[in-house]
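full-length UniProt numbering numbers the first residue of the sequence shown as 1 and each following residue consecutively. Beta carbons: idealized from backbone N, C-alpha and C, even for Gly. Please read all numbers here as calculations on a predicted model, not as lab measurements. Only one structure is covered here, and it is reproduced in the block below.
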Amino acid sequence: MVKIEDIQSYGKEHMESVTASANNLQSGVQAIATAYGDYAKKSFEDTKSFVEKLSGVKSLDKALEAQTEYLRSSYETFVAESQKIAGLYSDCAKQTFKPYEGLVSKFTPAAQ
């Protein structure tokens, strides 16, 4: 038989889990937004530097060399930042659902 105290305790635990989850989600989304902003800023600065370098080039060979260097650098930065942001999404999801582990374990039958 279910007691009123058990229901109240469950409600309190659930509310605490929701609050913790929301706080974790907020900090995770904030970290992701910061990472996107940092990447956009770096990308803009790299493009600006490339355009300045390209405008001072006098030969086609040097222009192709500068373009190749810029593309290689841009690709490497993109891959590194994409992996970093993907990790932030994963961490955010894990941290957001972590407070619910205790509640779920209470209602999941033990493996036999």
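Distance check between Q26 and each of E101, Q95 and Y100 places Q95 closest, using alpha-carbon atoms only. In the three-state reduction of the DSSP assignment, G87 falls in the helix class, which pools H, G and I.
Check the Cα spacing between Y100 and each of Q8, E13 and I7: the tightest is with E13. Judged by beta-carbon spacing, A66 lies within the 7 Å limit of K53, meaning their Cβ atoms are closer than that value. Note that the C-beta distance between L71 and A31 is not below 7 Å.
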